Amino acid sequence: ADIQPLTGKHIVVTAGPTHEPIDPVRYIANRSSGTQGFAIAGALASLGAKVTLVAGPVALETPVGVNRIDVETALEMQGAVEAALPADVAVCVAAVADWRADCDHGQKLKKSKGGLPDLKLTENPDILAGLSKHIEKRPTLVVGFAAETENVIDYAAAKRERKGCDIIVANDVSHATGIMGGHENEVHIISDKGVESWPKLSKTEVAVKLALKIAEYLGK
Ligand code: C5P
């Protein structure tokens with residue numbers, strides 16, 4: 181068997197949205213399709229990596245050669261990521277819900293005359309920041325994504341500092357770009373070396389280029 185650039189490397193990828201239950205029939209969700217994250221998992225596996233893909237609820241086929249773990253909530257995603265460590269690289273592509281309902285989800289909420297449900301939210305853990313600051317098992321390379329609708333590069337660079345990851349892949353998801361749920365992506369790669377802007381590419385092409393960049397990063 182020939183040796184590929186990522187042979188022997190374990191890479192954890194998160195992808196898709198999370199669903200946060202409000203009661204047995206309702207949940208908080210977002211528009212992430214999982215397309216970019218799944219493409220990245222597939223591209224990394226094609227370069228020889230052992231890939232653990234922790235996926236939120238999406239309607240996508242598992243890429244060839246990828247070990248997929250399905251989860252629903254942010255807390256489950258965090259648990260699955262933690263259980264998958266150690267890893268050489270983590271790529272957090274998932275659109276993790278920022279908040280979950282802080283209540284007992286046992287029974288369906290009922291409409292009450294004149295009243296609104298007492299729906300309290302609580303903050304979800306930040307999986308990317310947790311990995312970046314992991315004391316015992318920080319991956320060698322931690323990659324995050326930043327979906328912004330304005331000041332894309334500035335906000336993403338600040339996010340990189342705040343979360344402590346090595347690379348942030350920033351993209352503009354304002355409605356007009358059609359990126360969320362679409363098949364193309366236009367990204368900026370932000371690292372300690374500055375900003376590298378890629379042209380608009382298919383999400384598959386972005387995935388292949390990013391996988392090669394990760395291989396290059398680990399190579400030196
Ligand atoms: O803060 P924001 O959600 O914009 O950050 C986006 C990045 O952080 C993505 O890489 C996403 O996967 C990651 N993230 C996470 N856990 C959260 C929120 C975001 O891993 N709870």
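Residue numbering for the sequence shown follows the UniProt record's numbering, beginning at 181 and increasing consecutively.
Even glycine gets a Cβ: it sits at the ideal position worked out from N, Cα and C.
Being a predicted model, the structure only gives us computed values, none of them experimental.
Distance, Cα to Cα, Ala260 vs Ser371? Within the sequence shown, numbered from 1, the residue matching residue 260 stands at position 80. Within the sequence shown, numbered from 1, the residue matching residue 371 stands at position 191. Going from the Cα of Ala260 to the Cα of Ser371 covers about 27 Å.
Residues of its chain near His368, where Cβ-Cβ distance is below 8 Å and the 5 sequence neighbours each way are ignored: Looking up residue 368 in the sequence shown gives position 188. Excluding residues within five positions, the ones whose Cβ falls inside 8 Å are Val332, Ile333, Ala336, Val349, Ala350, Asn351, Val375, Glu376, Ser377, Trp378.
How would you write the range of the alpha helix (DSSP H) that Thr232 sits in, first residue to last? Position 52 of the sequence shown, counting from 1, holds the residue named residue 232. Where Thr232 is concerned, there is no enclosing alpha helix (DSSP H), although the beta strand (DSSP E) it sits in stretches over 230-235.
Could you check what DSSP says for Thr215 in three-state terms: helix, strand or coil? Counting from 1 along the sequence shown, the entry for residue 215 is found at position 35. DSSP, reduced to helix, strand and coil, places Thr215 within a helical segment of the structure shown.
State the Cα-Cα distance for the pair Pro201 and Tyr207, rounded to the nearest angstrom. Here residue 201 corresponds to residue number 21 of the sequence shown, with the count starting at 1. Here residue 207 corresponds to residue number 27 of the sequence shown, with the count starting at 1. Their Cα atoms are separated by approximately 4 Å.
Does the Cβ-Cβ distance between Ala275 and Thr232 come in under 8 Å? In the sequence shown, the residue the question calls residue 275 occupies position 95. In the sequence shown, the residue the question calls residue 232 occupies position 52. Going by C-beta atoms, Ala275 is not nearer than 8 Å to Thr232.
With a threshold of 6 Å on Cβ separation, who are the neighbours of Pro197 within its own chain once the five nearest residues in sequence on each side are excluded? Here residue 197 refers to the residue found at position 17 when the sequence shown is read from its first residue. Ala209, Asn210, Ser212, Gly236, Ala275.
Option nearest Phe325 by Cα separation, candidates Glu341, Arg318, Lys288, Arg280: Position 145 of the sequence shown, counted from the start, is the residue given in the question as residue 325. Checked all of Glu341, Arg318, Lys288, Arg280; the closest Cα to Phe325 is Glu341.
Cα-Cα separation, Ser382 to Glu328: Translated into positions along the sequence shown, residue 382 becomes position 202. Translated into positions along the sequence shown, residue 328 becomes position 148. Approximately 19 Å, taken between the alpha carbons.
Please return the same chain residues whose Cβ sits closer than 6 Å to the Cβ of Ala221, not counting the five positions on each side in sequence. As a first step, residue 221 is located in the sequence shown; it is residue number 41 there, counting from the start. Cβ-Cβ distances below 6 Å link Ala221 to Val193, Val231, Leu233, Pro243, Val246 in the same chain, with the five nearest sequence neighbours on each side left out; the list follows chain order.
Report back the beta-carbon spacing between Val251 and Ile394 to the nearest angstrom; my notes put them in contact at under 8 Å. As a position in the sequence shown, residue 251 is number 71, starting the count at 1. As a position in the sequence shown, residue 394 is number 214, starting the count at 1. Between Ile394 and Val251 the Cβ distance is about 23 Å, and since that is not below 8 Å, they are no contact.
Boundaries (first-last residue) of the beta strand (DSSP E) holding Arg206: One-based indexing of the sequence shown puts residue 206 at position 26. Residues 206-208.
What is the DSSP secondary structure of Arg280, counted as helix, strand or coil? Against the sequence shown, residue 280 aligns to sequence position 100. Of the three classes helix, strand and coil, the one that applies to Arg280 here is strand, per DSSP.
With distances taken Cα to Cα, identify the nearest neighbour of Asn304 among Lys373, Glu256, Lys290. Residue mapping note: residue 304 aligns to position 124 of the sequence shown, counting from 1. Closest by alpha carbon: Glu256.
Contacts around His199, its chain only, beta-carbon distance under 6 Å, and the 5 residues preceding and following it disregarded: Locating residue 199 in the sequence shown gives position 19, counting from the first residue. For His199, where only same-chain residues beyond five positions count, the Cβ hits under 6 Å are Tyr207, Ala209, Pro237, Glu252.
Quick check on this structure: which residue in Asp284, Glu396, Glu364 has the alpha carbon closest to the alpha carbon of Lys300? Counting from one through the sequence shown, the residue named residue 300 turns up at place 120. That would be Asp284, whose Cα lies nearest to the Cα of Lys300.
Is Asp278 near the ligand C5P, in the sense that its beta carbon is under 7 Å from a heavy atom of that ligand? Translated into the one-based positions of the sequence shown, residue 278 becomes position 98. At least one heavy atom of the ligand C5P is nearer than 7 Å to the Cβ of Asp278, so yes.
With a threshold of 7 Å on Cβ separation, who are the neighbours of Lys317 within its own chain once the five nearest residues in sequence on each side are excluded? Counted from its first residue, the sequence shown places residue 317 at position 137. Cβ within range, chain order: Leu265, Pro266.
For the ligand C5P, any of its heavy atoms closer than 7 Å to the Cβ of Gly344? On the sequence shown, residue 344 is found 164 positions in, with the first residue counted as 1. It does not: the Cβ of Gly344 is nowhere closer than 7 Å to a heavy atom of the ligand C5P.
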